[in-house]
């Protein structure tokens with residue numbers, strides 16, 4: 001006596017998985033992945049040098065720099081540091097040296113109390129001029145003033 005499986009009887013899970021796998025394999029065979037390359041005229045064959053951020057900085061006069069620093073101090077509600085103003089005016093008297101060597105000068109801020117507002121105002125100077133050295137010897141720095149060291153990317 002043989003037992004025949006009825007048509008309405010459920011199939012085993014392994015049979016269903018095999019059927020699904022075979023169906024998906026057939027679909028993949030119909031839509032195989034292909035790689036297409038552009039024609040030679042469309043390929044990138046040259047490049048441009050990145051722009052130099054310091055190329056047009058020295059076109060500004062030092063008078064413009066001094067007024068920008070004073071305006072930034074006014075915006076922050078502080079008095080400009082006299083040592084910075086004196087040095088900027090000294091740079092103005094020897095601007096020919098500045099054009100020949102952009103890093104000809106040092107910025108010395110000695111014994112001043114620097115707040116975060118002072119650093120924000122100094123950013124106007126640091127983003128327009130490059131210095132050989134920024135000397136902060138004897139300065140009282142508040143904890144959040146350490147951000148001035150994050151501005152060093154303007155110097156280098």
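Residue numbers (UniProt numbering): 1 to 156.
Here a beta-carbon is modelled for each residue, glycine too, at the ideal position from N, C-alpha and C.
What separation, rounded to the nearest whole angstrom, lies between the Cα atoms of residue i and residue j?
i           : j           : result
residue 63  : residue 92  : 8 Å
residue 38  : residue 45  : 13 Å
residue 36  : residue 42  : 12 Å
residue 143 : residue 115 : 9 Å
residue 47  : residue 129 : 29 Å
residue 141 : residue 40  : 59 Å
residue 122 : residue 138 : 17 Å
residue 136 : residue 80  : 16 Å
residue 105 : residue 69  : 17 Å
residue 61  : residue 83  : 19 Å
Can you tell me whether DSSP reads residue i as helix, strand or coil?
i           : result
residue 46  : coil
residue 79  : coil
residue 39  : coil
residue 156 : Below a pLDDT of 50, predicted positions are generally treated as unreliable, and residue 156, at 47, falls in that range; the measurement from the model is reported next regardless. Coil, per DSSP.
residue 129 : coil
residue 93  : helix
residue 74  : helix
residue 61  : coil
In the DSSP output, what is residue i paired with across the bridge?
i           : result
residue 159 : What the structure shows of the chain is the stretch from 1 to 156, and residue 159 is not part of that stretch, so it cannot be assessed.
residue 141 : 114
I'd like to check one pair, residue j with residue i: are the Cβ atoms closer than 8 Å?
i          : j           : result
residue 88 : residue 65  : yes
residue 78 : residue 113 : no
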